[in-house]
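Since the structure comes first, as C-alpha coordinates, the remarks are kept for the end.
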Amino acid sequence: TKVINYDDGLFADWLTQLKNNQKIKAFIDMSLSPLSLDEAISKIDNLLKNKVEGIHHCSGKNDISYFKFAQNLALEHGYPIQLVEEDQLKKNNISFHVPLYTSLSIDN
(Lines of atoms letter the chains of each structure in order from A and count residues from 1; the text may use other names and numbers.)
(Lines give C-alpha, C1' and ligand atoms only; values in the text may rest on other atoms or scores of the structure.)
Protein backbone atom coordinates (compact mmCIF):
# COMPACT_ATOMS: atom_id res chain seq x y z
CA THR A 1 0.00 0.00 0.00
CA LYS A 2 1.17 3.52 -0.73
CA VAL A 3 -0.60 6.55 0.69
CA ILE A 4 -0.45 9.09 -2.10
CA ASN A 5 0.76 12.57 -1.22
CA TYR A 6 1.38 14.96 -4.09
CA ASP A 7 2.93 17.60 -1.81
CA ASP A 8 6.34 16.00 -1.36
CA GLY A 9 8.48 13.07 -2.39
CA LEU A 10 8.55 11.20 -5.68
CA PHE A 11 5.08 12.19 -6.88
CA ALA A 12 5.67 15.88 -6.22
CA ASP A 13 8.95 15.63 -8.15
CA TRP A 14 7.16 13.92 -11.03
CA LEU A 15 4.50 16.62 -11.13
CA THR A 16 7.16 19.34 -11.16
CA GLN A 17 8.97 17.65 -14.03
CA LEU A 18 5.75 17.14 -15.99
CA LYS A 19 4.78 20.78 -15.40
CA ASN A 20 8.15 21.78 -16.87
CA ASN A 21 7.52 19.50 -19.87
CA GLN A 22 10.31 17.16 -18.75
CA LYS A 23 10.16 13.40 -19.15
CA ILE A 24 9.85 11.15 -16.13
CA LYS A 25 10.83 7.51 -15.81
CA ALA A 26 8.83 4.97 -13.87
CA PHE A 27 9.43 1.30 -13.17
CA ILE A 28 7.33 -1.28 -14.98
CA ASP A 29 8.61 -4.04 -12.70
CA MET A 30 7.66 -2.48 -9.37
CA SER A 31 4.13 -1.91 -8.17
CA LEU A 32 2.14 -0.08 -5.56
CA SER A 33 -1.38 -0.22 -4.21
CA PRO A 34 -2.34 3.47 -4.18
CA LEU A 35 -4.54 4.87 -1.46
CA SER A 36 -5.45 8.54 -1.24
CA LEU A 37 -4.67 10.42 1.94
CA ASP A 38 -8.40 11.13 2.35
CA GLU A 39 -9.19 7.39 2.12
CA ALA A 40 -6.53 6.56 4.70
CA ILE A 41 -7.80 9.22 7.11
CA SER A 42 -11.39 8.07 6.63
CA LYS A 43 -10.51 4.46 7.41
CA ILE A 44 -8.51 5.42 10.49
CA ASP A 45 -11.33 7.72 11.63
CA ASN A 46 -13.81 4.87 11.23
CA LEU A 47 -11.65 2.54 13.33
CA LEU A 48 -11.37 5.16 16.06
CA LYS A 49 -15.07 6.01 16.08
CA ASN A 50 -15.97 2.33 16.37
CA LYS A 51 -13.24 1.72 18.97
CA VAL A 52 -11.88 -1.17 16.92
CA GLU A 53 -8.81 -2.75 18.48
CA GLY A 54 -6.00 -4.71 16.91
CA ILE A 55 -3.68 -4.35 13.98
CA HIS A 56 -5.28 -3.31 10.71
CA HIS A 57 -4.02 -2.98 7.18
CA CYS A 58 -5.47 -0.33 4.94
CA SER A 59 -4.93 -1.10 1.29
CA GLY A 60 -5.77 0.32 -2.09
CA LYS A 61 -8.05 -1.72 -4.31
CA ASN A 62 -5.47 -2.89 -6.88
CA ASP A 63 -1.80 -3.34 -7.55
CA ILE A 64 -0.52 -1.11 -10.34
CA SER A 65 2.96 -0.59 -11.75
CA TYR A 66 4.70 2.68 -11.01
CA PHE A 67 4.74 3.21 -14.78
CA LYS A 68 0.96 2.87 -15.10
CA PHE A 69 0.51 5.10 -12.04
CA ALA A 70 2.77 7.73 -13.62
CA GLN A 71 0.78 7.58 -16.85
CA ASN A 72 -2.46 8.05 -14.91
CA LEU A 73 -0.88 10.91 -12.95
CA ALA A 74 0.09 12.69 -16.17
CA LEU A 75 -3.36 12.25 -17.69
CA GLU A 76 -5.21 13.33 -14.53
CA HIS A 77 -3.19 16.55 -14.37
CA GLY A 78 -3.47 17.32 -18.08
CA TYR A 79 0.07 16.45 -19.16
CA PRO A 80 1.01 14.43 -22.27
CA ILE A 81 1.31 10.72 -21.55
CA GLN A 82 4.35 10.66 -23.85
CA LEU A 83 6.33 12.38 -21.08
CA VAL A 84 6.20 9.13 -19.09
CA GLU A 85 8.89 6.61 -20.03
CA GLU A 86 9.29 3.00 -18.98
CA ASP A 87 12.19 2.05 -16.76
CA GLN A 88 13.11 -1.21 -15.10
CA LEU A 89 14.33 -1.78 -11.59
CA LYS A 90 16.40 -4.71 -12.84
CA LYS A 91 18.19 -2.61 -15.49
CA ASN A 92 19.33 -0.14 -12.83
CA ASN A 93 21.08 -2.79 -10.72
CA ILE A 94 19.07 -1.75 -7.69
CA SER A 95 19.28 -4.35 -4.97
CA PHE A 96 15.77 -4.27 -3.61
CA HIS A 97 13.31 -7.04 -2.83
CA VAL A 98 10.25 -6.48 -5.00
CA PRO A 99 7.14 -8.06 -3.47
CA LEU A 100 4.82 -9.97 -5.78
CA TYR A 101 1.81 -8.09 -4.42
CA THR A 102 1.48 -4.74 -2.68
CA SER A 103 -2.15 -4.99 -1.64
CA LEU A 104 -3.94 -7.27 0.75
CA SER A 105 -7.48 -8.46 0.44
CA ILE A 106 -9.86 -6.16 2.29
CA ASP A 107 -12.79 -8.54 2.04
CA ASN A 108 -14.14 -10.03 5.27
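Counting from 60, one number per residue, gives the positions in the sequence shown under the numbering used here. In this text, a Cβ means the ideal position worked out from N, Cα and C, and glycines have one as well. All values reported here derive from a predicted model rather than from experimental measurement.
If the five residues before and after F70 are omitted, its C-beta is found closer than 8 angstroms to the C-beta atoms of I63, N64 and L132, all from its own chain and listed in chain order. Distance from the CA of E98 to the CA of N80, rounded to the nearest whole angstrom, comes to 30 angstroms. In this structure, the alpha-carbon of Y138 lies about 17 angstroms from that of Y125.
For T60, the closest alpha carbon among the candidates L94, K78, A85 and D72 is that of L94. The Cβ-Cβ distance between F86 and L134 does not fall below 8 angstroms. In the same chain as L106, and ignoring 5 residues on each side of it, the C-beta atoms closer than 8 angstroms to its own belong to H115, in chain order.
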